[in-house]
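S.K.:
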Amino acid sequence: MKRPPRILATPAAEALIGQLAAQHGPLMFHQSGGCCDGSAPMCYPAGEFRTGAQDVLLGHVAGDVPVWIGAAQFEYWRHTQVTIDVVPGRGAGFSLEGPEGFRFIIRSRVFSDAESDALETGPPLARGG
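Counting the sequence shown from 1 gives a position; the working numbering is that position plus 32.
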């Protein structure tokens, strides 16, 4: 079985990511396990959030936008496929979409046993630092 992506984005999220990239240049996401906006994905200009060895690269959305997650949060979510979505409203954090009247949220589903097996046979995920 082909390895499934660990991270996806809905078409609505990809549209907003494109709008934000046009305004701010290259972007990145970081998914933490708490603080500020709880466990909301935070969108930053690329490089503004410094990743470290405790961060895991889930993959890329909207073409080339990297999505990082804290290692402790990844351990909780390693069995789920994470999807970035967007809803109307304002988050309380530092994410770029706040002034646009939207906020990014996470949706997820549990990987099947076959998908989990496929993920475990591949190379380890990249770490920040």
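Beta carbons are placed, not taken as given, at the ideal position from N, Cα and C, and that holds for glycine.
So is Ala45 buried or exposed if we call it buried at 16+ other beta carbons inside 10 Å?
M.R.: Along the sequence shown, one-based indexing puts residue 45 at 13. Ala45 comes out buried.
S.K.: Starting from Gly50, follow the alpha helix (DSSP H) in both directions and report where the run begins and ends.
M.R.: Here residue 50 is taken as the residue at index 18 of the sequence shown, counted from 1. 43-56 is the extent of the alpha helix (DSSP H) around Gly50.
S.K.: Between Gln86 and Gly102, what straight-line distance do the alpha-carbon atoms span, to the nearest angstrom?
M.R.: Mapped onto the sequence shown, residue 86 falls at position 54. Mapped onto the sequence shown, residue 102 falls at position 70. Each residue's alpha carbon lies about 6 Å from the other.
S.K.: What does the alpha-carbon distance come out to for the pair Pro169 and Ala150?
M.R.: Missing from the structure shown is residue 169; the chain here goes from 33 to 161 and no further.
S.K.: When burial is assigned at 16 or more other CB atoms within 10 Å of the CB, is Ala54 buried or exposed?
M.R.: Here the question's residue 54 lines up with position 22 in the sequence shown. By the 10 Å Cβ count, Ala54 comes out exposed.
S.K.: Under the assumption that Arg38 contacts Val114 (Cβ atoms under 8 Å), give the Cβ distance between them as a whole number of angstroms.
M.R.: Position 6 of the sequence shown, counting from 1, holds the residue named residue 38. Position 82 of the sequence shown, counting from 1, holds the residue named residue 114. Confirmed, about 6 Å.
S.K.: In the DSSP assignment, find the beta strand (DSSP E) that holds Thr153 and state where it starts and stops.
M.R.: Reading the sequence shown from its first residue, position 121 is the one you call residue 153. Note, Thr153: premise wrong, no beta strand (DSSP E); alpha helix (DSSP H) at 145-153.
S.K.: State the DSSP-derived secondary structure class of Phe81, mapped to helix, strand or coil.
M.R.: As a first step, residue 81 must be located in the sequence shown, where it is residue number 49. Of the three classes helix, strand and coil, the one that applies to Phe81 here is coil, per DSSP.
S.K.: If you follow the beta strand (DSSP E) that Gln165 is in, where does it begin and where does it stop?
M.R.: This structure does not reach residue 165, given that the chain is present from 33 up to 161, and the question cannot be answered.
S.K.: Using only CA atoms, which one of Pro73, Pro58, His92 lies nearest to Gly79?
M.R.: Position 47 of the sequence shown, counted from the start, is the residue given in the question as residue 79. Taking only the C-alpha atoms, the option nearest Gly79 is Pro58.
S.K.: Among Arg82, Gly95, Leu90, Gly161, which has the Cα closest to the Cα of His111?
M.R.: As a position in the sequence shown, residue 111 is number 79, starting the count at 1. Per the Cα distances, Leu90.
S.K.: If you count every other CB in all the chains shown that lies within 10 Å of the CB of Val97, and 16 or more means buried, which is it?
M.R.: Here the question's residue 97 lines up with position 65 in the sequence shown. It counts as buried.
S.K.: DSSP beta-bridge partners for Gln63?
M.R.: Against the sequence shown, residue 63 aligns to sequence position 31. Answer is Pro73, Ile101.
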